[in-house]
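Numbering (my numbering), first residue to last: -8 to 210.
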């Protein structure tokens, strides 16, 4: 017979493993906006998003696979390796900003994002595709860029958040100084907080997909 004290010790050791098994692991693959460029470790998109989700009762770990300067092409080359290394339950894709800054034609980031989503689908994982709006006065160029994300979302059947910077762009230009860093490109700590408030509900929808999938497998 196993002593009661030993049984209790075994139970204590197993409990964290069970909790970890229930935890939802989200892999955020992106560029400097995901990586937290220019911000303290706890101020970036990933830690603020994880904190927002946990405050709302989600047992979630958001894994930071952001690389400053990365493009959709770079993401397409590394997404499968990131999935294999991090074992996520779902993937958040935030790429395209550097393609925009390089003034690439929309067909190039669209093809690369299509490849990224195809690889995620091959891994059997749900995804959230996060768009980057083009602040372009030329309506044709602005529309051609904006249409990339909803079109890919419909094609692959994944969740879409149209514009990561949407909440900041809604502010009058005179009020944007405190939500942007000095480069006027990257979000400040306050700007990231606004972004997370808008992005968070879409991430919650992604978590719901993961949990529904786990229930289906368990049932």
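Ideal placement from N, C-alpha and C gives every residue a C-beta, glycine not left out.
*asked:* Rounding to the nearest angstrom, what Cα-Cα distance links residue 58 and residue 106 in this structure?
replied: Start at 1 with the first residue of the chain shown, and residue 58 comes out as number 67. Start at 1 with the first residue of the chain shown, and residue 106 comes out as number 115. The straight-line gap from Cα to Cα measures roughly 18 Å.
_Pop quiz: residue 143 and residue 108 are said to be a contact at Cβ under 8 Å. What is the actual Cβ separation, rounded to whole angstroms?_
Translated into the one-based positions of the chain shown, residue 143 becomes position 152. Translated into the one-based positions of the chain shown, residue 108 becomes position 117. Yes, they are in contact, since the Cβ atoms of residue 143 and residue 108 sit about 6 Å apart, within 8 Å.
*In three-state terms, what does DSSP make of residue 149?*
Taking the chain shown and counting its residues from 1, one reaches residue 149 at position 158. Residue 149 falls in the coil class under three-state DSSP.
*Quick one, which of 113, 14, 62 has its alpha-carbon nearest residue 54's?*
For the purposes of this step, residue 54 is taken as the residue at position 63 of the chain shown. Measuring C-alpha to C-alpha distances from residue 54 to each of 113, 14, 62 identifies 14 as the nearest.
_Separation of residue 169 from residue 81, as counted between CA atoms_ = Along the chain shown, read from residue 1 onward, the residue named residue 81 stands at position 90. Along the chain shown, read from residue 1 onward, the residue named residue 169 stands at position 178. Distance between the alpha carbons of residue 81 and residue 169: 32 Å.
_Beta-ladder partner(s) of residue 18, from DSSP_ = Reading the chain shown from its first residue, position 27 is the one you call residue 18. Paired residues: 54, 82.
*Using DSSP with H/G/I as helix, E/B as strand and the rest coil, what is residue 221?*
Outside the shown range of the chain, which is -8 to 210, sits residue 221, and nothing can be said about it.
*Please state if the CB of residue 104 and the CB of residue 63 are separated by a distance shorter than 7 Å.*
Within the chain shown, numbered from 1, the residue matching residue 63 stands at position 72. Within the chain shown, numbered from 1, the residue matching residue 104 stands at position 113. Against a cut-off of 7 Å, the Cβ pair of residue 104 and residue 63 comes out as a contact.
_residue 118 - DSSP class collapsed to helix/strand/coil_ = As a first step, residue 118 is located in the chain shown; it is residue number 127 there, counting from the start. Residue 118 falls in the strand class under three-state DSSP.
*Taking the continuous alpha helix (DSSP H) assigned at residue 41, which residues delimit it?*
Along the chain shown, read from residue 1 onward, the residue named residue 41 stands at position 50. It spans 36 to 46 - the alpha helix (DSSP H) in which residue 41 sits, taken as one unbroken run.
*Secondary structure at residue 171, three-state DSSP: helix, strand or coil?*
Counted from its first residue, the chain shown places residue 171 at position 180. Residue 171 falls in the strand class under three-state DSSP.
*What are the start and end residues of the alpha helix (DSSP H) that includes residue 112?*
Here residue 112 is taken as the residue at index 121 of the chain shown, counted from 1. Element bounds for residue 112: 98 to 113.
*Bridge partner(s) assigned by DSSP for residue 178*: Taking the first residue of the chain shown as 1, we reach residue 178 at position 187. Per DSSP, 171.
*Which two residues bound the contiguous alpha helix (DSSP H) that contains residue 63?*
Position 72 of the chain shown, counted from the start, is the residue given in the question as residue 63. Counting along the chain, the alpha helix (DSSP H) containing residue 63 begins and ends at 63 to 77.
*With 16 as the cutoff for other CB atoms within 10 Å, does residue 39 come out buried or exposed?*
Start at 1 with the first residue of the chain shown, and residue 39 comes out as number 48. Flag for residue 39 reads buried.
_residue 200 and residue 141 closer than 7 Å at C-beta_ = In the chain shown, residue 200 corresponds to position 209, counting from 1. In the chain shown, residue 141 corresponds to position 150, counting from 1. No, the pair does not count as a contact, with Cβ atoms beyond the cut-off.
*asked:* Excluding the 5 residues flanking residue 150 on each side, which residues of the same chain have their C-beta closer than 8 Å to its C-beta?
replied: Start at 1 with the first residue of the chain shown, and residue 150 comes out as number 159. Once the five neighbours on either side are set aside, the close Cβ partners of residue 150 are 117, 118, 119, 120, 144, 193, 196, 197, 200.
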